[in-house]
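Engineer: To get my numbering, take the position in the sequence shown, counting from 1, and add 5. Cβ atoms here follow ideal geometry from the backbone N, Cα and C, with glycine treated the same way.
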Amino acid sequence: MEPYGADDEESAAVLRTVGKILKACRERKGLTQAELGAAIGYSEEQVSSVERGRRAPSAKFLDAADRVLDAGGLIAGLKKDVEEARYPKKVRDLAKLEGEAVEICAYDNSVVNGLLQTEEYLKAVFGSRRPAFSEEEVERLVAARLARQRIIDGKQMIPSFSFVHDEAALRRRVGGRMVLRRQLERLLEVGQMRNVEIQVLPMDREDNAGLGGPFHLLRLKEGTTVGHNEVQRTSRLISEPKEVQILELRYGVIRAQALPPQESLTFIEKVLGET
6 MEPYGADDEE
16 SAAVLRTVGK
26 ILKACRERKG
36 LTQAELGAAI
46 GYSEEQVSSV
56 ERGRRAPSAK
66 FLDAADRVLD
76 AGGLIAGLKK
86 DVEEARYPKK
96 VRDLAKLEGE
106 AVEICAYDNS
116 VVNGLLQTEE
126 YLKAVFGSRR
136 PAFSEEEVER
146 LVAARLARQR
156 IIDGKQMIPS
166 FSFVHDEAAL
176 RRRVGGRMVL
186 RRQLERLLEV
196 GQMRNVEIQV
206 LPMDREDNAG
216 LGGPFHLLRL
226 KEGTTVGHNE
236 VQRTSRLISE
246 PKEVQILELR
256 YGVIRAQALP
266 PQESLTFIEK
276 VLGET
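Put into structure tokens, the structure is as follows:
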């Protein structure tokens, strides 16, 4: 089970509702918190924390409680709501926009883009943060990012993706040599998808329009485009047309400066062989 940020009132409200439903079903069945915990493999304290809305229950917890309490799917059916409430609001907001996009473009110059990171790699990314995250917070952030990655699982052809990575992001040994190798292998795998283009901007290029830092562009179904960047504890959505226009221009130049997609995959294979 994951802790959640008490400052996120929307998440807190969802978890309080889940707790009330669980408590009502438990009392209807005539079980104490300790008895329910023993029946589903959790402690009394964990059951109490869920009922008070202080912890987000795992899918396993909800399935087991639904079965033991004969809830007929009422409790198990809350998994999607709990999953969304478990993640920080800024992650939910970004994931919602990504779900409405027909094209997602991203430039990254420090680490591999979050939508492409392996679980080991992203654990290393969050683990390197200073001041350090707690283990629970790392697990929460990892789960949130993995959930966002479902949009690129290859099961749907919309949206289209364009990723440009600075060569430095591909060579930085985040998590160590083997973690980086598996990450590069993941890039080669995703780069074969028909709706994904991955490009590399080599370090020997004299011009680099992306020196200002990483950013995303999301082209939405209704025809508008929004930008997003996240640096030094600041996550910012950009909707002002003039600012978005600048990012679109900048991204176009970055793509032109980078290697074409097929040459980029060959480049990544080269980096993999040298890692």
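Count the other CB atoms, across all protein chains shown, that sit within 10 Å of the CB of K25; report buried if there are 16 or more and exposed otherwise.
Structural biologist: K25 is exposed by the Cβ-count criterion.
Engineer: Please list, in chain order, all residues of the same chain as G104 whose beta carbon is under 7 Å from its beta carbon, the five residues on each side excluded.
Structural biologist: Around G104: I156.
Engineer: So, helix, strand or coil for A106, using DSSP?
Structural biologist: Reduced to three states, the DSSP call for A106 is strand.
Engineer: When the Cα atoms are used, what is the spatial distance from V184 to L277?
Structural biologist: Distance between the alpha carbons of V184 and L277: 11 Å.
Engineer: Pick helix, strand or coil for G232, following the three-state DSSP scheme.
Structural biologist: Correct three-state label for G232: strand.
Engineer: In terms of alpha-carbon separation, which member of E88, H170, E211, E15 lies closest to L192?
Structural biologist: Closest by alpha carbon: H170.
Engineer: With a threshold of 16 other CB atoms inside 10 Å of the CB of V236, please say whether the residue is buried or exposed.
Structural biologist: By the 10 Å Cβ count, V236 comes out exposed.
Engineer: Could you give the C-beta distance for V143 and K128, rounded to a whole number, given that I count them as a contact under 8 Å?
Structural biologist: So it is a contact: roughly 7 Å between Cβ atoms.
Engineer: Nearer than 6 Å: is that true of the beta carbon of L193 relative to any heavy atom of the ligand ADP?
Structural biologist: The model on display carries no ligand, and the ligand ADP is accordingly not part of it.
Engineer: Buried or exposed for E172, please, with buried defined as at least 16 other CB atoms from any protein chain shown within 10 angstroms of its CB.
Structural biologist: E172 should be labelled buried.
Engineer: Kindly confirm or deny that the stretch 73-88 and the stretch 31-43 touch, where touching means at least three C-beta pairs closer than 8 Å.
Structural biologist: The stretch 73-88 vs the stretch 31-43: in contact.
Engineer: Output the residue ranges of the beta strand (DSSP E) runs that lie fully inside the stretch 179-212 and measure 3 residues or longer, sorted by chain position.
Structural biologist: Counting whole runs of 3 or more residues, the stretch 179-212 contains the beta strand (DSSP E) stretches 201-206.
Engineer: For the alpha helix (DSSP H) containing S240, list its first residue and its last residue.
Structural biologist: That residue, S240, is in no alpha helix (DSSP H); its beta strand (DSSP E) goes 239-243.
Engineer: Return yes when the Cβ of Y112 is within less than 7 Å of the Cβ of G215, no when it is not.
Structural biologist: A contact, by the Cβ cut-off of 7 Å.
Engineer: For the alpha helix (DSSP H) that contains L277, what are its first and last residues?
Structural biologist: Its alpha helix (DSSP H) spans residues 266-279.
Engineer: Using three-state DSSP, classify K169 as helix, strand or coil.
Structural biologist: Correcting the residue identity first, residue 169 is Val in this sequence and not Lys. Residue state, collapsed to three classes: strand.
Engineer: Between the stretch 212-230 and the stretch 144-154, are three or more C-beta pairs nearer than 8 Å?
Structural biologist: Short answer: they don't touch.
Engineer: Would G196 and L270 be called neighbours here (beta carbons separated by less than 7 Å)?
Structural biologist: In this structure, L270 lies closer than 7 Å to G196 by Cβ.
Engineer: From the beta carbon of S133, is the nearest beta carbon of chain C less than 7 Å away?
Structural biologist: Absent from the structure: chain C. Only one protein chain is present.
Engineer: Hey, how far is the Cα of Q262 from the Cα of V205?
Structural biologist: Roughly 9 Å separates the two Cα atoms.
Engineer: Any contact of the stretch 81-89 with the stretch 37-54, i.e. 3+ C-beta pairs under 8 Å?
Structural biologist: No, the stretch 81-89 is not in contact with the stretch 37-54.
Engineer: Have a look at I251 and G257 and give me their C-alpha separation to the nearest angstrom.
Structural biologist: So the alpha carbons of these two residues sit roughly 10 Å apart.
Engineer: So what does DSSP say about L36, is it helix, strand or coil?
Structural biologist: L36 falls in the coil class under three-state DSSP.
Engineer: Looking only at its chain, what residues have a beta carbon closer than 7 Å to the beta carbon of R224, apart from the 5 residues adjacent to it on each side?
Structural biologist: Counting only Cβ-Cβ distances below 7 Å, and skipping sequence neighbours, we find A106, V107, E108, T230.
Engineer: Could you give the residue range of the alpha helix (DSSP H) that holds F66?
Structural biologist: Note, F66: alpha helix (DSSP H), 64-73.
Engineer: For the beta strand (DSSP E) holding R4, just list the boundary residues, first then last.
Structural biologist: Lying outside 6 to 280, the shown extent of the chain, residue 4 is not represented and no answer is given.
Engineer: Would you check if the distance between the CB atom of V55 and the CB atom of G42 is smaller than 7 Å?
Structural biologist: No; because the gap between Cβ atoms is not below 7 Å, this pair is not in contact.
Engineer: Using the Cα positions of L121 and E194, report the straight-line distance between them to the nearest angstrom.
Structural biologist: Their backbone Cα atoms lie some 10 Å apart in a straight line.
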